[in-house]
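**Student:** Starting off with a structure, shown below.
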Amino acid sequence: MIKMNGIRKLYATGKVAVEALKGLDLELKGGEFVSIVGPSGSGKSTLMNIVGCLDTPSEGEFFLDGERVDQFNGNQLAEVRNKKIGFVFQNFNLLPYATAYENVELPMIFAGAPQKERKETVTRLLTRVGLGDRMDHKPTELSGGEMQRVAIARALANSPKLILADEPTGNLDSHSGAEIMGIFEELWKSGTTILMITHDPNIAKRTKRTIMIKDGVIVTSLNGNGNGSSSHE
Amino acid sequence: MQLTSLKLYMKQFLHDLRAQKLRTFLTLVGLSWGTVTVICLLAFGYGLQNNQQEQMKGLGDNIVIMWASNTSKPYAGYPKGRWFGFVPDDIKMMRQNIPDLEAVSGEFQRGNITIRNGRKSKLIQISGVDPEFAPMRTIVPEDGGRFLNDIDVNDKRRVIFLGNDLRDEIFGEGIDPVGKAVLIDNVPYTVVGVMVKKKQDSSYSGRDKDKGFVPATTFQSTYGDRYLDNIVFRAKTLEIHKQAVDRTYETFAKRYKFDPTDREALSMWDTVEDNGFMVFFVAMRLFVGFVGFMTLMVGGIGLANIMYVVVEERTKEIGIKMALGAKKGFVLFGFIFETLILTTIGGGIGYGIAQLIISLAPMMNIKDYVGTPTLSLQDKLAVVAILGFIGFMASFFPARRAANMNPVQALKL
Chain A
1 MIKMNGIRKL
11 YATGKVAVEA
21 LKGLDLELKG
31 GEFVSIVGPS
41 GSGKSTLMNI
51 VGCLDTPSEG
61 EFFLDGERVD
71 QFNGNQLAEV
81 RNKKIGFVFQ
91 NFNLLPYATA
101 YENVELPMIF
111 AGAPQKERKE
121 TVTRLLTRVG
131 LGDRMDHKPT
141 ELSGGEMQRV
151 AIARALANSP
161 KLILADEPTG
171 NLDSHSGAEI
181 MGIFEELWKS
191 GTTILMITHD
201 PNIAKRTKRT
211 IMIKDGVIVT
221 SLNGNGNGSS
231 SHE
Chain B
1001 MQLTSLKLYM
1011 KQFLHDLRAQ
1021 KLRTFLTLVG
1031 LSWGTVTVIC
1041 LLAFGYGLQN
1051 NQQEQMKGLG
1061 DNIVIMWASN
1071 TSKPYAGYPK
1081 GRWFGFVPDD
1091 IKMMRQNIPD
1101 LEAVSGEFQR
1111 GNITIRNGRK
1121 SKLIQISGVD
1131 PEFAPMRTIV
1141 PEDGGRFLND
1151 IDVNDKRRVI
1161 FLGNDLRDEI
1171 FGEGIDPVGK
1181 AVLIDNVPYT
1191 VVGVMVKKKQ
1201 DSSYSGRDKD
1211 KGFVPATTFQ
1221 STYGDRYLDN
1231 IVFRAKTLEI
1241 HKQAVDRTYE
1251 TFAKRYKFDP
1261 TDREALSMWD
1271 TVEDNGFMVF
1281 FVAMRLFVGF
1291 VGFMTLMVGG
1301 IGLANIMYVV
1311 VEERTKEIGI
1321 KMALGAKKGF
1331 VLFGFIFETL
1341 ILTTIGGGIG
1351 YGIAQLIISL
1361 APMMNIKDYV
1371 GTPTLSLQDK
1381 LAVVAILGFI
1391 GFMASFFPAR
1401 RAANMNPVQA
1411 LKL
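The structure is reproduced here in structure tokens:
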């Protein structure tokens, strides 16, 4: 699903160039449920941006779903984001003036899906995350947990191969957070590949593999319940 | 897809409209103000030009008024400074020798002539002319009457055509005097027609509205004048106008034996040359349009500034849409669409206000001075083009900034 070789990312801040990723290799198979942990400034956000095709690496090869995407231009990357990746953000990032229904519909509009298909899919997805009765509500009329569920439904709209979640429970109380994690686990069981950034060792424990990143390189990659990663925190 | 995108753009636009009522209102005021200015400037300019054209036609429509004068060059043994005069035969000669002419008429003139109807009398100016005089001078008879005709001329009939103000004074306003008799220096004349009121801002011997017109032949046999005061003529088309004038010089030079290059021998008032004045009007309208354009430009700059602010405000939304797969074109077109909608609304309001001003203007009784402001189709198209141009320019640069955003930075990830 994901194959990265020697990924480097340089940021030019003034006269000094900062190297956020220093020759990182990563491989992710289809159907995996992986968490990325690491301290602030370790480069995990940069890695997420590149994996999510929001940014391109300065050096290195990046294959996504068998396609080399590190040289893609803006519109090609937009197409990849639209069709192959679903984003779930810490702060939900819903359009404030649009209803839950319209927010979920948005990626399908960009994909050019016909009206009938959109209606069917959006209704099915919102029902699946338990918001079948709140489709006409705007984000301000929803709780944090509900907003994140809308965001997950939106991430699934174009049936992507990969779900990228950046601290998806970071802004939620523990109860809502647990509910959201339940939804992710369900998604994983139904065959979706999930890559998640988190600070929370308890969250990381619930994923099937934990990758620890520090100073721009991967330091450990543990299978199972990832006890090692929590000790590094 | 297209329709869905438009709905999405529209939703965003309406959301902004609600959230930023005052800002939107002020932007629209700027655009409307500019539009009103452009339209009013163009419409009043056009009205003024039309008014001027009509005034000039009052004297004559592309005519030449010609007087005999003194020669200024010695020629064929004659000294310079020799005087000669036009006689009625010259008119026949012109008709025969100058095929470029559409109409030609001699004109006898005499002032201090008493016209009397019952107890009302007045001292007036009389012109003795040919029937062709009327169309050249834009003289149109009121319903129920006519101008002088060939029979009047051939039979030297004692008939008179009255200027409209003269009729008002001698018969009373609105009274139809056709068929009635008036005394001209105690000789009875039958009134055959009255002139329809016309605009006339220039003349060489008083306005036509105050005059009486009688057949040239009648005039000559009554007063015994040998020489015509002047000749009025018009070429068949404007293209051959200059040629007709040259032919007239040549023909008269031959007949009265003066140097054909002696331009002072015949003194001409060429109203076609006065049309050069129209070039001034075109230049004035271009200038006025330019001033309006600049005014509207100020509104456009305001709009562009607002759109930059809107792009700033929507940075995060743009980031969200990009993360979800919106391409550059979608973001770009969204902003252009919104700006064009604002421009259309602002322009529409401005157009409405301007139309109101234009339709109210005639009530201010300024028609005689500035004419009736009119918005020509050409000007309408120009306003639409200017608005479109300004709207596009005001939207393009902010929209491009939005479309070129880096999604990572826009989302502040």
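Which chain is which? The protein sequence lines are A and B, in order. Letter by letter, the first sequence follows residues 1 to 233 in our numbering. Letter by letter, the second sequence follows residues 1001 to 1413 in our numbering. Beta carbons are placed, not taken as given, at the ideal position from N, Cα and C, and that holds for glycine.
Identify each residue in the segment 1327 to 1360 of chain B for which the Cβ-Cβ distance to at least one residue of chain A is less than 9 Å, and report them in chain order.
**Tutor:** Those would be Lys1327, Lys1328, Gly1329 and Phe1330, in chain order.
**Student:** Tell me which residues share the same chain as Tyr1249/B and place their Cβ nearer than 7 Å to its Cβ, disregarding the 5 neighbours each side in the sequence.
**Tutor:** Answer for Tyr1249/B: Pro1260 and Leu1266, listed in chain order.
**Student:** Does the Cβ-Cβ distance between Ala1253/B and Asp1100/B come in under 7 Å?
**Tutor:** The answer is no: Cβ separation not under 7 Å.
**Student:** Please tell me whether Met1307/B and Pro1398/B are closer than 7 Å, where the distance is taken between their beta carbons.
**Tutor:** Yes.
**Student:** With Phe1396/B as the anchor, note down where its beta strand (DSSP E) starts and where it stops.
**Tutor:** Where Phe1396/B is concerned, there is no enclosing beta strand (DSSP E), although the alpha helix (DSSP H) it sits in stretches over Leu1377 to Ala1403.
**Student:** Keeping to the same chain, check which residues put their C-beta closer than 7 Å to that of Thr198/A; ignore five residues upstream and five downstream.
**Tutor:** Taken in chain order, the residues that qualify are Ser35, Val37, Glu167 and Ala204.
**Student:** Hey, quick one: how far does the alpha helix (DSSP H) through Met147/A stretch, first residue to last?
**Tutor:** Gly144 to Leu156 is the extent of the alpha helix (DSSP H) around Met147/A.
**Student:** Kindly list the residues whose CB is nearer than 6 Å to the CB of Phe1233/B, restricted to its own chain and excluding five residues on each side of it in sequence; keep chain order.
**Tutor:** If we look at Phe1233/B and ignore the five residues flanking it on each side, its Cβ neighbours are Val1064, Leu1101 and Val1104.
**Student:** Tell me, which residues are paired with Lys1120/B by DSSP?
**Tutor:** Its beta-bridge partners are Asn1117/B.
**Student:** Suppose contacts are defined by Cβ-Cβ distances below 7 Å. Is Val80/A in contact with Cys53/A by that definition?
**Tutor:** Yes, the Cβ-Cβ distance between Val80/A and Cys53/A is below 7 Å.
**Student:** Measure the alpha-carbon distance for Leu1031/B versus Glu1317/B and round it to whole angstroms.
**Tutor:** Taking the straight line joining both Cα atoms gives about 27 Å.
**Student:** Starting from Ser1359/B and walking both ways along the alpha helix (DSSP H), at which residues does that stretch end?
**Tutor:** Start and end: Lys1328 to Leu1360.
**Student:** Ala1403/B to Thr1339/B, Cα distance in whole Å?
**Tutor:** Straight-line Cα distance between these residues: approximately 15 Å.
**Student:** What residues from chain A crowd round Glu1317/B, counting only those whose CB sits closer than 7 Å?
**Tutor:** The answer, in chain order, is Leu95.
**Student:** For Asp1152/B, count neighbouring Cβ atoms within 10 angstroms of its own Cβ and tell me buried if that reaches 16, exposed if not.
**Tutor:** Buried is the call here.
**Student:** Decide if the segment 1215 to 1228 of chain B is in contact with the segment 1104 to 1124 of chain B; the criterion is three or more beta carbon pairs, one per stretch, under 8 Å apart.
**Tutor:** Output reads yes: the segment 1104 to 1124 of chain B touches the segment 1215 to 1228 of chain B.
**Student:** With 7 Å as the threshold, decide whether the Cβ of Asp133/A is near any Cβ in chain B.
**Tutor:** Not one chain B Cβ lies under 7 Å of Asp133/A.
**Student:** For the segment 1146 to 1194 of chain B, list the beta strand (DSSP E) runs that are entirely contained and at least 3 residues long, ordered along the chain.
**Tutor:** Counting whole runs of 3 or more residues, the segment 1146 to 1194 of chain B contains the beta strand (DSSP E) stretches 1159 to 1162, 1181 to 1184 and 1187 to 1194.
**Student:** Might you give, ordered along the chain, the residues of its own chain that have their beta carbon closer than 6 Å to the beta carbon of Asp1168/B, omitting 5 neighbours on each side?
**Tutor:** So no residue of the chain qualifies.
**Student:** Which residues does DSSP pair with Tyr1075/B in a beta bridge?
**Tutor:** According to DSSP, Tyr1075/B bridges with Tyr1078/B.
**Student:** Taking the beta carbon of Met1364/B as the centre, do at least 16 other beta carbons fall within 10 Å, making it buried, or is it exposed?
**Tutor:** Met1364/B is exposed by the Cβ-count criterion.
**Student:** Can you tell me whether DSSP reads Val1196/B as helix, strand or coil?
**Tutor:** Looking at Val1196/B - three-state DSSP - the assignment turns out to be coil, as it is neither helix nor strand.
**Student:** In the segment 33 to 50 of chain A, which residues sit with their C-beta less than 8 Å from some C-beta in chain B, listed in chain order?
**Tutor:** Cβ contacts with chain B come from Ser45, Met48 and Asn49.
**Student:** Are the CB atoms of Thr1251/B and Asn1097/B nearer to each other than 7 Å?
**Tutor:** Yes, the pair counts as a contact, with Cβ atoms nearer than the cut-off.
**Student:** Pull up the distance between the alpha-carbon of Val1191/B and that of Gly1144/B, whole angstroms please.
**Tutor:** Rounded to the nearest angstrom, the two C-alpha atoms are 11 Å apart.
**Student:** Could you give the distance in angstroms between the alpha-carbon of Ser1432/B and the alpha-carbon of Asp1379/B?
**Tutor:** Residue 1432/B lies beyond the stretch modelled for chain B, which goes from 1001 to 1413, so this question has no answer here.
**Student:** Exposed or buried, what is Lys1327/B when buried is set at 16 or more other beta-carbons lying within 10 Å of its beta-carbon?
**Tutor:** Lys1327/B is buried by the Cβ-count criterion.
**Student:** List the residues that DSSP assigns as beta-bridge partners of Asn1230/B.
**Tutor:** In DSSP, Asn1230/B forms a bridge with Glu1107/B.
**Student:** What residue range does the beta strand (DSSP E) around Val129/A cover?
**Tutor:** It is not in any beta strand (DSSP E) - Val129/A carries neither H nor E in the DSSP assignment.
**Student:** Verify whether the separation of the beta carbon atoms of Ala1394/B and Gly1300/B is less than 7 Å.
**Tutor:** Result yes, Cβ atoms of Ala1394/B and Gly1300/B sit closer than 7 Å.
**Student:** Once you ignore the five residues that flank Asn1164/B on each side, which residues in its own chain have a CB closer than 8 Å to its CB?
**Tutor:** Closer than 8 Å at Cβ, skipping near neighbours: Glu1142, Val1194, Met1195, Val1196, Lys1197 and Lys1209.
**Student:** Could one say the Cβ of Ile183/A lies closer than 7 Å to chain B's Cβ atoms, at least one of them?
**Tutor:** Judged by the 7 Å Cβ criterion, Ile183/A is not in contact with chain B.
**Student:** Quick one: is Glu105/A buried, meaning 16 or more other Cβ sit within 10 Å of its Cβ, or exposed?
**Tutor:** By the neighbour-count rule (16 or more Cβ atoms within 10 Å), Glu105/A is buried.
**Student:** Would you identify the three-state DSSP class for Gly6/A, choosing helix, strand or coil?
**Tutor:** The answer is strand: DSSP assigns Gly6/A an E or B state.
**Student:** Less than 7 Å separating the beta-carbons of Gly955/B and Gly1371/B?
**Tutor:** The requested residue 955/B does not occur in the structure, where chain B is confined to residues 1001 to 1413.
**Student:** Can you confirm whether the segment 6 to 25 of chain A touches the segment 208 to 216 of chain A when touching is taken to mean that 3 or more C-beta pairs between the two stretches lie within less than 8 Å?
**Tutor:** Verdict: yes, contact present.
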